[in-house]
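Colleague: Residue numbers (this note's numbering): 1230 to 1605.
Yeah, the Cβ is synthetic: ideal placement off N, Cα and C, and Gly gets one too.
Sharing a structure with you now.
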Amino acid sequence: MNSINRRNFLRGVGVSLALPSLESLHAATGKKPPAQRFVCVSPNYGMNPGGFFPEQTGSNYTLPTLLKPLERHRKELSVFTNLDHPEVGGGHGCSNTLLNGVELKDAKENPQRLLSLDQFLAEKIGRDTRFPSLRMGSGGISWSRAGVRLPTMGNPREIFAELFLEDNPKLKAKRKQYLSEDASILDAVLEDTRSLSLRLSRTDQEKLEEYLTSIRDVESKLQRRSEWIDVPKPKADSGVIEGDDEDFVDLAYPYNTSVMYELMALALQANLTNVITFGHPGGNRLFPFDGITYGYHSLTHHGKRPDLLKELTIIETFYTQQFAGFLDLLKKTKDSADRPLLDSTVVMFGSGMGNASSHSSRNLPVMVTGGGLKGG
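Dropping the structure here:
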C-alpha cells in the first residue's frame, strides 16, 4: 500500500485514531478525552463475497446472508466494497497484508514498509498501557517497524494469566534480568555503530541512522516493559475461563471464540491495552458443527459448488454471530467514565483475502463500527 492509500485508509477508519490526544483541543473544557482504542478481527481466508457484500449501496441495504447476525448493529455498522491493496498479489500470503498492504518479498530493501496499522497505533495510543498491543488467536497480520511478523497468544488460560495473574517473585526477577541484559546488548551495539558511522558514505550513514532509530525504539520499549513489572495487575473473575457448576467453558477452538472476545473486553475495560488484534486461523480443520463434512480450507475452494458453499456458510455465519456478540459486550461494558466501550473503540472486521476460492486479494471483506463513527 502506498502512502496515499495508507492515509486514505486511516481517514476511512477514523481521524480520531490518528489524533489520540490533542491537549489544546481539550484545554478549554478541562475535560480529559476518552481513550481511543482499536480492535481488528480477521478471518484468515476472508469471507465468501456472495454472502458478505450487500447488493445495494447507501444505508437502506438488505443484509446479505453472512451479515444477518449483525442486524441489531446495522445502524452503527459500515460495510465497504472494492477495497484492496494494489501492490499485493494473490495467494495465501495476502492474508498477512490486511493491515499493511505490503508483501514480505516486496519489503526486503525497506522492512519498515511492513509496519502494520495496529503497531502504528500501538506507538501512538498504546505507549502508556501495560500491553501496547495485544495479539490474540492466529497470527499473521501484525508486523513491527523492523519488518518482523509478531507472535500471538492463542491459549485463553495463558492470556488470562498474562493479563490478570501476578507473576511470582522469581519470575519477576528473571524478567528484570533479561530486560537488563537486552538493554546492555543494545548499549554495546550503539557504541559500536557510532565509531562505524565515521567511515561510511552519506548514503550508508542514512541507512545506519534508520537502523539506530529502530534500536532506540526497542530500547524505549524495554524501559517501559521494565517499569511495568512491579505494577500490580488488575483483578478479574476467573469464571470467564473456568465456568462454574452450571456452565462448562470449552477452551478449544472454535468454541473458545466467545471466551477470547470476553478477554478482549476485559483487557480494554481494565486499560491494559488500547490495541487488540484477533485472528481466526486457516488450515483444513474440520469444524465440529452440524452439517460440516469437509475441512475448512477445502470448503473455501468451493468452485461455487452449492454443497460446499452451504457448509462454508455455516462456518462464516459462526464468525459473524460471534462478532455480533462481541459488539453486544462492548456496548454493555462501561469504561472508567461509565461510557460503553464501543463508543471509544473502533472495531474492524476484515481480511487480506478477498476470495479464497481464487486466492484473490481484490475486493477485501471489510466492515467497521464503533468509535463514534457514523454507520448505517
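Using a Cβ distance threshold of 8 angstroms, determine whether the stretch 1585-1600 contacts the stretch 1302-1321, with at least three qualifying pairs required.
Modeller: yes
Colleague: Please list, in chain order, all residues of the same chain as L1558 whose beta carbon is under 6 angstroms from its beta carbon, the five residues on each side excluded.
Modeller: As a first step, residue 1558 is located in the sequence shown; it is residue number 329 there, counting from the start. Same-chain partners within the cutoff: A1494.
Colleague: Looking at the unbroken alpha helix (DSSP H) that takes in I1543, where does it start and where does it end?
Modeller: In the sequence shown, counting from the first residue as 1, residue 1543 sits at position 314. Membership of I1543 in the alpha helix (DSSP H) is indicated by the continuous run P1535 to K1561.
Colleague: I need the boundaries of the beta strand (DSSP E) containing F1267, first residue and last residue.
Modeller: The count along the sequence shown starts at 1 and reaches residue 1267 at position 38. Boundaries of the beta strand (DSSP E) harbouring F1267: R1266 to P1272, taken from the DSSP string.
Colleague: Could you please give the first and the last residue of the uninterrupted alpha helix (DSSP H) stretch that includes I1505?
Modeller: Within the sequence shown, the letter at position 276 stands for residue 1505. Looking at the DSSP string, I1505 is not in any alpha helix (DSSP H); the run it does join, the beta strand (DSSP E), is V1504 to H1509.
Colleague: Short of 6 angstroms in beta carbon distance, which residues of its chain neighbour N1231, apart from the five on each side in sequence? Order them along the chain.
Modeller: Mapped onto the sequence shown, residue 1231 falls at position 2. Any reading at N1231 must be qualified, since the residue scores a pLDDT of 38, below 50, and its modelled position is unreliable; the value itself is stated next. For N1231, where only same-chain residues beyond five positions count, there are no Cβ hits under 6 angstroms.
Colleague: Between the Cα of Y1525 and the Cα atoms of K1533, F1516 and G1532, which residue gives the shortest distance?
Modeller: To locate residue 1525, count along the sequence shown from 1; it is residue 296. The shortest C-alpha separation from Y1525 is found at F1516.
Colleague: Ignoring anything shorter than 3 residues or poking outside the stretch 1461-1495, list the beta strand (DSSP E) runs there in chain order.
Modeller: none
Colleague: When you compare only the Cα positions, how much space is there between T1579 and C1269?
Modeller: One-based indexing of the sequence shown puts residue 1579 at position 350. One-based indexing of the sequence shown puts residue 1269 at position 40. With the sequence shown as reference, residue 1579 is identified as Gly, and Thr is not the correct amino acid for it. When rounded, the distance between both Cα atoms is 7 angstroms.
Colleague: Less than 8 angstroms between the beta carbons of I1505 and M1365, yes or no?
Modeller: Mapped onto the sequence shown, residue 1505 falls at position 276. Mapped onto the sequence shown, residue 1365 falls at position 136. Cβ distance < 8 angstroms, so I1505 and M1365 count as in contact.
Colleague: Does DSSP classify S1307 as helix, strand or coil?
Modeller: By 1-based counting over the sequence shown, the position of residue 1307 is 78. Looking at S1307 - three-state DSSP - the assignment turns out to be strand.
Colleague: Exposed or buried, which one is G1605 when buried takes at least 16 other CB atoms within 10 Å?
Modeller: As a working note, residue 1605 is residue 376 in the sequence shown. Its Cβ having fewer than 16 others within 10 Å, G1605 is exposed.
Colleague: Assign S1565 to one of two classes, buried (16 or more other C-beta atoms within 10 Å of its C-beta) or exposed (fewer than that).
Modeller: Residue numbering aside, residue 1565 sits at position 336 when the sequence shown is read from its first letter. With fewer than 16 other Cβ atoms within 10 Å, it is exposed.
Colleague: Runs of 3 residues minimum, wholly inside the stretch 1326-1409: which ones carry the beta strand (DSSP E) assignment?
Modeller: 1363-1366
Colleague: Tell me the DSSP bridge mates of S1589?
Modeller: If you number the sequence shown from 1, residue 1589 lands on position 360. Per DSSP, N1584.
Colleague: Alpha carbon to alpha carbon, what distance is there between N1277 and S1345?
Modeller: In the sequence shown, counting from the first residue as 1, residue 1345 sits at position 116. In the sequence shown, counting from the first residue as 1, residue 1277 sits at position 48. The alpha-carbon atoms of S1345 and N1277 are separated by roughly 24 angstroms.
Colleague: Quick check on P1283: does DSSP put it in helix, strand or coil?
Modeller: Taking the first residue of the sequence shown as position 1, residue 1283 is located at position 54. In this structure, P1283 counts as coil in the three-state DSSP scheme.
Colleague: Let me confirm a value: Y1274 is counted as buried when at least 16 other C-beta atoms fall within 10 Å, else exposed. Which label applies?
Modeller: On the sequence shown, residue 1274 is found 45 positions in, with the first residue counted as 1. By the 10 Å Cβ count, Y1274 comes out buried.
Colleague: Between the Cα of T1522 and those of G1319, Q1348, L1538 and L1593, spot the shortest distance and give me the residue it belongs to.
Modeller: Counted from its first residue, the sequence shown places residue 1522 at position 293. The candidate whose alpha carbon is nearest that of T1522 is L1538.
Colleague: Can you give me the C-alpha to C-alpha distance between G1554 and G1355, rounded to a whole angstrom?
Modeller: In the sequence shown, counting from the first residue as 1, residue 1554 sits at position 325. In the sequence shown, counting from the first residue as 1, residue 1355 sits at position 126. The alpha-carbon atoms of G1554 and G1355 are separated by roughly 25 angstroms.
Colleague: Three-state secondary structure (DSSP) at G1319?
Modeller: The residue labelled residue 1319 in the question sits at position 90 within the sequence shown. The answer is coil: DSSP assigns G1319 none of H, G, I, E or B.
Colleague: For the beta strand (DSSP E) containing T1598, list its first residue and its last residue.
Modeller: Counting from one through the sequence shown, the residue named residue 1598 turns up at place 369. Its beta strand (DSSP E) spans residues V1595 to G1599.
Colleague: Alpha carbons only, please: which of V1576, L1480 and K1304 is nearest the one belonging to E1471?
Modeller: As a first step, residue 1471 must be located in the sequence shown, where it is residue number 242. Among V1576, L1480 and K1304, the Cα nearest to that of E1471 is on L1480.
Colleague: Which residues in the same chain have their Cβ closer than 7 angstroms to the Cβ of Q1285, if we skip the five residues on either side of it in sequence?
Modeller: As a first step, residue 1285 must be located in the sequence shown, where it is residue number 56. Contacts found: T1291.
Colleague: Measure the beta-carbon distance from G1368 to P1380 and round it to whole angstroms, keeping in mind my assumption that it falls under 8 angstroms.
Modeller: Here residue 1368 refers to the residue found at position 139 when the sequence shown is read from its first residue. Here residue 1380 refers to the residue found at position 151 when the sequence shown is read from its first residue. That belief holds up - the Cβ atoms of G1368 and P1380 are roughly 6 angstroms apart, short of 8 angstroms.
Colleague: Using alpha carbons as the reference points, say which of V1478, M1577, K1603 and G1601 lies closest to L1593.
Modeller: Here residue 1593 corresponds to residue number 364 of the sequence shown, with the count starting at 1. It is M1577 whose Cα lies nearest to the Cα of L1593.
Colleague: Tell me which residue opens and which closes the beta strand (DSSP E) that T1574 is part of.
Modeller: Here residue 1574 refers to the residue found at position 345 when the sequence shown is read from its first residue. Segment T1574 to G1579, the beta strand (DSSP E) holding T1574.
Colleague: Got a sec? Which residues, its chain only, sit under 6 angstroms from V1469 by beta carbon, not counting five neighbours each side?
Modeller: Translated into positions along the sequence shown, residue 1469 becomes position 240. Only residues of its own chain outside the window of five on either side were considered, and among them E1491 have a CB closer than 6 angstroms to the CB of V1469, listed in chain order.
Colleague: Would you report the Cα separation of F1561 and L1570, rounded to the nearest angstrom?
Modeller: Stepping through the sequence shown from its first residue, residue 1561 is reached at position 332. Stepping through the sequence shown from its first residue, residue 1570 is reached at position 341. Note that residue 1561 corresponds to Lys in the displayed sequence, not to Phe. When rounded, the distance between both Cα atoms is 8 angstroms.
Colleague: Under the three-state reduction of DSSP, which class applies to P1569: helix, strand or coil?
Modeller: Here residue 1569 refers to the residue found at position 340 of the sequence shown. Correct three-state label for P1569: strand.
Colleague: Cutting at 6 angstroms between CB atoms, please list the residues of its own chain near A1257, excluding the five before and the five after it.
Modeller: Counting from 1 along the sequence shown, the entry for residue 1257 is found at position 28. With a pLDDT of only 44 at A1257, under the threshold of 50, the placement of this residue in the model should not be trusted; the figure read from the coordinates follows. Beyond the five residues adjoining it in sequence on each side, A1257 comes within less than 6 angstroms, by CB distance, of no other residue in the same chain.
Colleague: Quick one: Cα of V1575 to Cα of I1543, how far?
Modeller: For the purposes of this step, residue 1575 is taken as the residue at position 346 of the sequence shown. For the purposes of this step, residue 1543 is taken as the residue at position 314 of the sequence shown. Looking at the two C-alpha atoms, the distance is approximately 27 angstroms.
Colleague: If you follow the alpha helix (DSSP H) that S1527 is in, where does it begin and where does it stop?
Modeller: As a working note, residue 1527 is residue 298 in the sequence shown. It spans Y1525 to T1529 - the alpha helix (DSSP H) in which S1527 sits, taken as one unbroken run.
Colleague: CA-CA distance, R1568 and E1540?
Modeller: Position 339 of the sequence shown, counted from the first residue, corresponds to residue 1568. Position 311 of the sequence shown, counted from the first residue, corresponds to residue 1540. Each residue's Cα considered, the two are about 39 angstroms apart.
Colleague: For T1432, name the three-state secondary structure that DSSP assigns.
Modeller: What you label residue 1432 is simply residue 203 of the sequence shown in a count that begins at 1. Helix at T1432.
Colleague: If we count the other Cβ atoms within 10 Å of its Cβ and call it buried at 16 or more, is V1317 buried or exposed?
Modeller: Locating residue 1317 in the sequence shown gives position 88, where the first residue counts as 1. Buried, by the Cβ-count rule.
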